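Here the structure is laid out as structure tokens; the discussion comes afterwards.
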Amino acid sequence: RDRTYCVAMSPDSVLAAADLGARMVMFSQRPWEDQAVSVSTYRDRFVGIHGAEPGPPVVCDFVYCDADAGRAEDFAHRYIAGYLTSVMEHYELESDHFKHAKGYESYGNAVDLLKAIGLDKLCEMYLRVNVWGTPDQIVDRLRARREVIGDHDLTCCFRYAGLPYEQAEASMRSFAAEVLPVVQAEPVTR
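Here our numbering is used: the first residue of the sequence shown is 258, the next is one more, and so on.
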């Protein structure tokens, strides 16, 4: 009980997660104001069906933590945006094949946005919602997110898109030593 998780990235999957009584899992890929609507929809549906508050959503981030802000920004642009680009290519997300696939209509609609703004702008948006930077910058980003979507659990990916192992390990150790203690010490409302 209470150990079932469901990735909920589309309107249909948000409702399915609530219907199943599962914890909502989402990747950092849209502006948090948009994600807040999904979180609210999930919570309302969950409470309506199960008569209890759900656990906080789980947010999956691609993280790069470095004491040097310039290096952190460079690596984020190179590797976090590089990861998004590889996903776009792998799933052929710039084509229309999702538009008519039942349950994937929202992905098809996202193609229209991508075509309108272009991959570079999409990468900029993606970088704005993931957590990277100096430890202080990351803490600030997490606090700002919490103001928008409320309490949430965090799952971090530290190696992606060919990021060298040494850099991934240094980032993870910096995050563990300088970000986690601060975030874990903050009060939660759940």
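Note that beta-carbon positions come from the ideal geometry of N, C-alpha and C, so glycine has one too. Since the model is a prediction, treat every value here as computed from it, not as a measurement.
Query - Near the ligand ATP: residue 445 beta-carbon under 7 Å from a heavy atom - result: The ligand ATP is not among the ligands present in this structure, which contains no ligands whatsoever.
Query raised in the report: If you count every other CB in all the chains shown that lies within 10 Å of the CB of residue 430, and 16 or more means buried, which is it?
Result: Under a 10 Å Cβ-count criterion, residue 430 is classified as exposed, with fewer than 16 other Cβ atoms of the shown protein chains found around its own Cβ.
Query raised in the report: In its own chain, which residues sit with a C-beta less than 6 Å from the C-beta of residue 428, not counting the 5 before and 5 after it?
Result: Only 321, 322 and 415 meet the Cβ criterion.
Query raised in the report: In angstroms, rounded to a whole number, what distance separates the CA positions of residue 421 and residue 399?
Result: Rounded to the nearest angstrom, the two C-alpha atoms are 25 Å apart.
Query raised in the report: Apart from the five residues just before and just after residue 319, which ones in its own chain have a Cβ nearer than 7 Å to its Cβ?
Result: Within the same chain, 337, 340, 387, 414 and 417 come within 7 Å of residue 319 by CB-CB distance, once the 5 residues on both sides are set aside.
Query - Residues near residue 284 by beta carbon distance below 7 Å, same chain, minus five either side - result: If we look at residue 284 and ignore the five residues flanking it on each side, its Cβ neighbours are 266 and 317.
Query raised in the report: Contact check, residue 262 vs residue 287 under 8 Å by CB: the rounded distance?
Result: The pair is not a contact, with the Cβ atoms about 19 Å apart (cut-off 8 Å).
Query raised in the report: Secondary structure at residue 259, three-state DSSP: helix, strand or coil?
Result: Coil at residue 259, not helix or strand.
Query raised in the report: From residue 276 to residue 309, what distance separates their C-alpha atoms?
Result: Rounded to whole angstroms, the separation of the alpha carbons of residue 309 and residue 276 is 13 Å.
**Report entry** Helix, strand or coil at residue 336 [DSSP, three-state]
**Finding:** Of the three classes helix, strand and coil, the one that applies to residue 336 here is helix, per DSSP.
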